[in-house]
Structure formats: C-alpha cells, structure tokens
Amino acid sequence: MPSAALAKFRDKLSKGRPVSGIWVTLEAPAVTELAVLSGLDWVVIDAEHGALDWGDIAGHLRAAVRSETLALVRIAELNGALIKRALDLGADGVVIPWVESADQLRQAVDYCRYPPEGVRGIGAERATGWGQTLAEYVASANDEMLVIPIIETVAAGKNLEEMLQVPGVDLFYFGPADYSSTAGYRGTWEGPGVADELLRINNQIRAQGKFTGIVVRNESDLALRVQQGFQMIGLGLDAGMLLREIGRMASAAESAIAANCPATSPGTIENPLPSPPEAFRPDRPEQMVSLADAPVTEIAPGAIFHSQVGAHNAAIGLTTGFVKVAPLAKVPPHTHGFAESITVLEGRVAADVDDRRYLLGPLDNISIPSGLVHAVRNLSDSNPATLHIAMASSQPSRTLATGPQSEPQIVAEGANQRFGPEQVNWFATARKYSPGPGAEFIDFCNDTLLPGFEMSGGYGRFTQHGRLPAHLHDFDESITIIDGTATCLVEGREYQLLNRETALQPRGRIHFFRNDRTEPMAMIWFYAGPQPDRIIVDESCATLAGDPWTRQQGEQ
667 MPSAALAKFR DKLSKGRPVS GIWVTLEAPA VTELAVLSGL DWVVIDAEHG ALDWGDIAGH
727 LRAAVRSETL ALVRIAELNG ALIKRALDLG ADGVVIPWVE SADQLRQAVD YCRYPPEGVR
787 GIGAERATGW GQTLAEYVAS ANDEMLVIPI IETVAAGKNL EEMLQVPGVD LFYFGPADYS
847 STAGYRGTWE GPGVADELLR INNQIRAQGK FTGIVVRNES DLALRVQQGF QMIGLGLDAG
907 MLLREIGRMA SAAESAIAAN CPATSPGTIE NPLPSPPEAF RPDRPEQMVS LADAPVTEIA
967 PGAIFHSQVG AHNAAIGLTT GFVKVAPLAK VPPHTHGFAE SITVLEGRVA ADVDDRRYLL
1027 GPLDNISIPS GLVHAVRNLS DSNPATLHIA MASSQPSRTL ATGPQSEPQI VAEGANQRFG
1087 PEQVNWFATA RKYSPGPGAE FIDFCNDTLL PGFEMSGGYG RFTQHGRLPA HLHDFDESIT
1147 IIDGTATCLV EGREYQLLNR ETALQPRGRI HFFRNDRTEP MAMIWFYAGP QPDRIIVDES
1207 CATLAGDPWT RQQGEQ
C-alpha cells in the first residue's frame, strides 16, 4: 500500500499542482521534523554532498514516518548497493545524480525493483517493519517506488529522448549549476544559453506527460519556475536557508545597534580624540571638483561618464562620477573585478543583474559585488537619465559579457528581501538613521550589508545647521552634493559646494560638512573602505589654528 505522503504527492502532480520541499544536508533529524511541521510535500535527504552517514539518513527517515511529507534519498552515485540500502531504511524513493543515458536510467530502475522486474535483494529491514510487514511491502514496492534522475549534464540533455522512453520514471529533476559546468561555464547557476536549454528540456519532458523539478533561489525565482511548468519545487537547501535567515537578522541587529547604541571607544562622538594619530598624516590635499572639470568618456553609445574622483586626481581605491544616459540608450552587459554602486538621480532605468531586473527611480540605489553580469537601460524614449556611479577602484575597467538569453524576471519594486548577491535600496522604504544633529542617512552598501564588499557608501540629508562632527578616515572619501548648498571645512579651509560638485577627501584629512542654508542639503558619499568608519577628533582640529598636521609638523 502506498504511504499517505506518496498518495498526496502523486495526487497533487496529477492535478497539475506543484509540490514543494527542501534538500536536507544537516545531520539533525529535527530539520526533517520542521519540514513535516511546516507542511512540506517532500524532503530529499542528500547523501551525495555533505557529511550525512547512514545513521543520519535513518534519523531523517524516522522523522518523516507516518507523516504526509515524502522522504527521498539522493545517493552518492548510480550504485545498486547504495540504492538498496536507502530503500531498505524506508526511503520512499531515490534521487540519482549524473544520469546521462537511457541505459543508466534503466539500470537505476532495475536496482529499485525486486525480481523478476529488477535486481533488488530482499532484506527484512526498517522498510518492512523489520520483517513484520515483509509480504505487504514487497508486493507493492515495485509499483510505488519513486526513481528520480537528475538532468545535470549536456550529455543528458542530448540523450533525453531515449531516457524518456524508460518505463518506471515519471519525474526528472534539473541541476542547473552542474549543467552549466559541463557546458563550459563552471561556477555559474545558468551560464550563457543554459537557461534556454533547460527550458527546452523542461518542455520536452512535459510534452511526454512527465514532471520536472528544480531548486529555486528566491521568491521571485519560485514564481518564475511555477510559471514555466516545473512542479517539484525545491525551496532551497536547509543550511543555505538557515544561513540566509541568520544573516538577515544579524544585519538587522547591526543596523539597530548602530542606530541606538553608539560606541564609546576613543575616536567616537562621546570620546573624541584630542588629535589624530600620526599614522594618519595625509599625503595629498583635498580637492573640490565640478562637473565641468571632470574627464568625459563615452562608455557606450549614448552613455557618457563624467569622472569626478579617480586616478586622474590621485584618488586611491575609488572612482566616482556621473553617467548620463540618452533616451532608450543602454550600457551593455559587463562585469568588473571590483564592486560598483549605482544611484539614480534623474529618470527611470532598468538595472539587470544576471537574470533579475530592477526598475529604479530617483534616489533608488543598487550595489553590485564584483563578477556579476549587469547592464543598465534608460526606460524613457524622450528624457535622459542621470546616474551617480561609485566603483571600488581608482583605475576601473570592465569586461563585456553575454546577458541572459531569456527576458530577466522583474523584481517587485520596494521588495525588502534579497533576490541575489546584489543589494537594492528603494529610497521610499530604506532604513534611515541619524549620525549627527539635523542629519539623516541611508547606508547603500558596506561589508555588513554585503559581506566582502570592498567599499561603503550611502545618502545623507541635512536640515539647516545640520552637520557631522570633525572627523577623518583611514581611506579616501568622495562626497557629492546633489541638492542644496554645503559648507565643507577641511582643517580650517572653507568651501561651498552645490550643483553636483564633489569633494575628494584623502585619507587623514580632518573635515566635516554642514548646512548653513534654510533649504535642505543632500549628498551621496562613498568610502574606499568596507565600513563607514569615522574617527572623531576634537573640533579644534578642523580649524586653521588647531590644524594638527601643521601644528605637529612645527613641533618636530
């Protein structure tokens, strides 16, 4: 007799309803218990990758017994002994990796069936109630056992038509990462052309009245895969899902701590240093750069980059400026060997990252780690778009790349979850905090929000008399005034900045900005360092009389 879980699983598939589950890689049987309590349709206990032994596998199978959650085991390879052991322990079926031919698939089915239809040996193990229900079990096992091959190589795709003729197999799972690897794109989820190839295979399988499954990467991908007709939907790997949730909460905790529990160590607002450490002595002067002074480069037809900070003015580890994009013009798919952050100032653009599309408006930001394929297009057919660009390199370069073969999936505007390695900040819903009186900031990117991100930056808005304390950094900084007028003081030297003028503050320069006008002032700031750390010093250090670098030099 089929189990309740198997009956429910097959009933849903027959009615065209997706069945969802997770891949179990952690040892604790509690993971499977939680899947059962969550009402998932299935779990795949993964014995191909990771550290699960047979005792762990048995524990997971026991956690699913007499539930409506189907328990499958992915074995390490096509091997009769491994299949027999998994089934004897009570698995409802097996998932077979790296199946590339009809002969291999027939062999897998034979290993799962008792003679005369197959070659599975009879054992009085857990699946048979330790022999108490042996007769009932062996009478129905051949018809009830699920055999699910994984299509994860180019060779399997080529041999699929013959594989579809093998009796006893109704469901095929997909492995996009391994398929991409065998297609020559190792390390990518779906390399160039792979997405279209997998969709073709998916349609070919479904045309034969059979079912397909795949692991999804996020909620947006889940909706897309259901729309494409996949029915056995893997919501993720247990460890990956746990890691993402821990990371999300840890990031939220860091943000809450930063906003509500200021530090009291030396160099903070509560405990400013009387003078900066000598090790921070600057080796370059500050620079104020207007758009008129910025070198101009055409980076694509209709896309002009005005570089205000970079190697041309001796910046270290940072390039910033503006890209003006003509109506309907596009910056083609490309990658960088460093991080990039893009903030829309005027217009609306489509920012594509791999197979995800974000529709961004004024002050929306997207921060992209190194190596990700991305492109930007102006959505307007009549008005140009203006973008603020920051890159974690003083000598940036790019490599043109092939974009996704299918139309990217549009991410819902304002969505507050991550859909890929990139970070999107929707201005309307972004978390705001106050780093000083009359100041309101948004963090776009840093090593906390994006682990491994090489720079940090964000948006700041100052009301009248709003300002930050006198401070310096252990890295170069770019500050661009995008609204209003800012007063910038650098060791007593005073500057007025407006109309997208940018200040380059080299490492060690003591400075602060304030708003002396009644109208609000806004800026975009970026640091050539992974965290927006400010070393706070006594206010006198920002005056001509108290300039510590001049004073210390005179005392030597």
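According to my numbering, the stretch in the sequence shown is residues 667 to 1222, in order.
Quick reminder that beta carbons are idealized off the backbone N, C-alpha and C, glycines included.
| Check | Outcome |
| --- | --- |
| For Glu783, the nearest candidate out of Ala790, Arg772, Gly789 and Leu984 (CA to CA) | Arg772 |
| Ranges of the alpha helix (DSSP H) found wholly within the region 785 to 828, counting only runs of at least 4 | 800 to 810 and 820 to 824 |
| Span separating the alpha-carbon of Trp689 from that of Tyr851 | 24 angstroms |
| Pro684 - DSSP class collapsed to helix/strand/coil | coil |
| Ordered list of beta strand (DSSP E) runs contained in the region 1104 to 1172, each at least 3 residues | 1105 to 1111, 1122 to 1128, 1143 to 1149, 1151 to 1156, 1159 to 1164 and 1168 to 1171 |
| Residue nearest to Pro938 in terms of C-alpha spacing, selected from His1137, Glu911 and Asn1044 | His1137 |
| Coil, strand or helix - Glu964 by DSSP | strand |
| In DSSP terms, what Tyr1099 is bridged to | Phe1107 |
| Unbroken stretches of the alpha helix (DSSP H), 4 residues or longer, contained in the region 1178 to 1217 | none |
| Segment limits, beta strand (DSSP E) that includes Thr1068 | Per DSSP, Thr1068 belongs to no beta strand (DSSP E) and is neither H nor E. |
| Ala1041 versus Arg1023, Ala1056 and Phe1178, residue with shortest Cα-Cα distance | Arg1023 |
| Residues bridged to Tyr1024 [DSSP beta-bridge criterion] | Ala1017 |
| Residues that DSSP places opposite Glu783 in a beta bridge | Answer by DSSP bridge pairing: none, since Glu783 is not bridged. |
| Own chain, CB closer than 7 angstroms to Ser733, minus 5 neighbours either side, in chain order | Ala671 and Val702 |
| Option nearest Ala1096 by Cα separation, candidates Glu1088, Gln831, Ala801 and Asp1030 | Asp1030 |
| DSSP beta-bridge partners of Ala1056 | Thr986 and Ser1007 |
| Nearest-angstrom Cβ-Cβ length linking Ala969 and Ala995, presumed shorter than 8 angstroms | 6 angstroms |
| Buried or exposed (CB count within 10 angstroms, at least 16 for buried), Asp1020 | buried |
| Candidates Ala822, Gln953, Gly705 and Val881: closest to Cys1154 by CA position | Gln953 |
| For Ala713, the nearest candidate out of Pro1062, Leu1025, Ala1094 and Asp722 (CA to CA) | Asp722 |
| Buried versus exposed, by CB contacts within 10 Å (16 or more), Ser846 | buried |
| Nearest candidate by alpha-carbon position, reference Ala1194, set Pro858, Gln1171 and Asp836 | Gln1171 |
| Check whether Trp764 and Pro948 have beta carbons under 9 angstroms apart | no |
| Bounding residues of the beta strand (DSSP E) (the contiguous stretch that carries Thr878) | Phe877 to Val881 |
| Cβ contact check for the region 1161 to 1175 and the region 1095 to 1113: 3 or more pairs under 8 angstroms | no |
| Length of the line joining the Cα atoms of Pro1198 and Ala980 | 21 angstroms |
| Residue of Gln1089, Met1189, Glu766 and Phe877 minimising C-alpha distance to Lys678 | Phe877 |
| Rounded distance between the beta-carbons of Asp754 and Leu736, thought under 8 angstroms | So it is not a contact: roughly 17 angstroms between Cβ atoms. |
| Local conformation of Ala671 per DSSP, three classes | helix |
| Stretch pair the region 1036 to 1050 + the region 908 to 920: three plus CB contacts closer than 8 angstroms | no |
| Separation of Gln874 from Leu830, as counted between CA atoms | 8 angstroms |
| Three-way DSSP call (helix, strand, coil) for Pro842 in this model | helix |
| Helix, strand or coil at Glu911 [DSSP, three-state] | helix |
| Glu818 versus Thr691 - alpha carbon distance | 19 angstroms |
| Cβ distance (whole Å) where Phe1085 is taken to contact Leu1134 below 8 angstroms | The pair is not a contact, with the Cβ atoms about 33 angstroms apart (cut-off 8 angstroms). |
| Contacting residues, own chain, Cβ-Cβ under 7 angstroms from Cys778 (five flanking each side not counted) | Ile749, Leu753, Val760, Gly784, Arg786, Met811 and Val813 |
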